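Numbering (full-length UniProt numbering), first residue to last: 1 to 230.
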């Protein structure tokens, strides 16, 4: 996979390349730089499915970053675009094109890492798991699963749309789930933290007002996990 960096300032490209390489040090993620938006768009046309996200400077010579972002969105690639600028007054234009994030220059390392984490979380939420139901495999995105509950030798998987009953153990299913999203709050059930409305120290309250009692061994893990899933 690639991360596109479109900026006409060489030192900015160099800094961002270093940050991407450091963040994804153990993964095969390649930061690719472009000094003009036209070059980036051409690369997207040739290889549309291999870009994880794009960092786009607004103030570019030739085709500006806002216009380029609109063109990219028109290609229906569903690639998160993170806008860069030295002038915060350009922020409203970024909101108009529904930019994924907005970073100001000089770049703050912490903010850039937060943006990369947000892209990673979004990618995880969009992934799907195969659930065998009545002899058929149904693919459900992690984001749509609200909770998983153990019922003897079966599991009740509740999504935002319907409920599935499958054979298996909670532990085995959780091994397939991203720990960033799912937390085992009791020996009998695990919840998707992005669907948690609140946590008061003893109970997890879901968005649909469903309440789960939290076991003692999970109490210390939930606040940290809850914050990281947001």
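Idealized CB from N, CA, C, for every residue including glycine. None of these values were measured; they are calculated from a predicted model.
Tell me whether the beta-carbon of residue i lies closer than 8 angstroms to the beta-carbon of residue j.
i           : j           : result
residue 159 : residue 185 : no
residue 79  : residue 41  : no
residue 58  : residue 77  : no
residue 62  : residue 38  : yes
residue 147 : residue 166 : no
residue 103 : residue 111 : yes
residue 60  : residue 36  : yes
residue 211 : residue 203 : yes
If you draw a straight line from the C-alpha of residue i to the C-alpha of residue j, how long is it?
i           : j           : result
residue 81  : residue 180 : 22 angstroms
residue 199 : residue 205 : 6 angstroms
residue 19  : residue 152 : 47 angstroms
residue 157 : residue 119 : 26 angstroms
residue 24  : residue 174 : 24 angstroms
residue 216 : residue 161 : With a pLDDT of 44 at residue 216, under the threshold of 50, the predicted position of this residue should be treated as unreliable, though the coordinate-derived value follows. Going from the Cα of residue 216 to the Cα of residue 161 covers about 31 angstroms.
residue 195 : residue 207 : 6 angstroms
residue 1   : residue 105 : 26 angstroms
residue 14  : residue 142 : 35 angstroms
residue 245 : residue 73  : No answer is possible for residue 245: the residues shown for the chain start at 1 and end at 230.
residue 45  : residue 101 : 23 angstroms
residue 138 : residue 108 : 42 angstroms
residue 135 : residue 170 : 20 angstroms
residue 218 : residue 75  : In this prediction, residue 218 has a pLDDT of 48, which is less than 50 and means its spatial position is unreliable; what the coordinates show is noted afterwards. Distance between the alpha carbons of residue 218 and residue 75 is about 45 angstroms.
residue 183 : residue 168 : 18 angstroms
residue 238 : residue 21  : Shown here, the chain extends from 1 to 230; a query on residue 238 therefore has no answer.
Please classify residue i as buried or exposed, where buried requires at least 16 neighbouring CB atoms within 10 angstroms.
i           : result
residue 31  : buried
residue 86  : exposed
residue 220 : At residue 220 the pLDDT is 48, less than 50, meaning the model places this residue with poor confidence and gives no usable figure here.
residue 130 : exposed
residue 12  : buried
residue 56  : buried
residue 26  : exposed
residue 7   : buried
residue 192 : buried
residue 52  : buried
Going by C-alpha to C-alpha distance, which of the options sits closest to residue i?
i           : options            : result
residue 33  : 100, 152, 9, 48    : 9
residue 28  : 109, 50, 14        : 50
residue 164 : 189, 172, 132      : 132
residue 115 : 127, 169, 188, 99  : 99
residue 125 : 203, 144, 155, 172 : 144
residue 128 : 106, 178, 136, 74  : 178
residue 43  : 110, 101, 68       : 68
residue 150 : 190, 176, 73       : 190
Taking the DSSP output, what are the residues bridged to residue i?
i           : result
residue 104 : 85
residue 186 : 189
residue 67  : According to DSSP, which records beta bridges pairwise, residue 67 is partnered with nothing at all.
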